[in-house]
Amino acid sequence: MHRFGGRFNQRLMPEGNLVTLAQLKSGQSSTVVDIQGGRRMADRLNALGIIPGKKITKTSAMLMRGPVTIEVDRVEVAIGFGMANKVIVRPDRVP
22 MHRFGGRFNQ
32 RLMPEGNLVT
42 LAQLKSGQSS
52 TVVDIQGGRR
62 MADRLNALGI
72 IPGKKITKTS
82 AMLMRGPVTI
92 EVDRVEVAIG
102 FGMANKVIVR
112 PDRVP
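Throughout the sequence shown, residue numbering follows this note's numbering, covering 22 to 116 in sequence.
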């Protein structure tokens with residue numbers, strides 16, 4: 022079951038390597054851990070296939086704010102910077 026709302030607190034997580042989707046570098050893969058938004062935002066992200074446990078790859082982003090483009094299930098989708106800041110991910114380790 023998802024946890025909606027609340028504030029992101031890394032101290033509650035056992036691993037300290039969690040970041041927001043907006044903080045990932047372009048080309049970096051990760052796994053969605055949590056969505057820190059309201060019900061409507063979570064429903065919108067769910068419709069795009071962005072749900073906890075899902076593997077995603079950030080493909081591009083604008084310099085300052087702008088949209089963030091990600092690949093999920095071999096489909097590229099763009100979401101707003103504010104929305105990307107509320108998606109908590111665990112970056113994949115590069116061997």
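Ideal Cβ placement from N, Cα and C applies to all residues, glycine included. From a predicted model like this one, the values you see are computed outputs, not experimental measurements.
Just to confirm the assignment, what range does the beta strand (DSSP E) spanning aspartate 94 have?
Unbroken run through aspartate 94: none, as it is neither H nor E.
Smallest Cα separation from asparagine 38: which of Val53, Ser47 and Ala99?
Val53
Validate contact between the stretch 96-106 and the stretch 58-66 using beta carbons, cut 8 Å, 3 pairs:
yes
Quick one: Cα of methionine 85 to Cα of alanine 99, how far?
15 Å
In chain order, what residues of the same chain have a beta carbon less than 7 Å from the beta carbon of serine 47, not counting five sequence neighbours either side?
Lys79, Thr80, Ser81 and Ala82
What does a CB cutoff of less than 7 Å around aspartate 94 pick up in its chain, not counting 5 residues either side in sequence?
Gly70
Could you name the residues that DSSP lists as bridge partners for isoleucine 71?
Partner(s): none; isoleucine 71 has no beta bridge.
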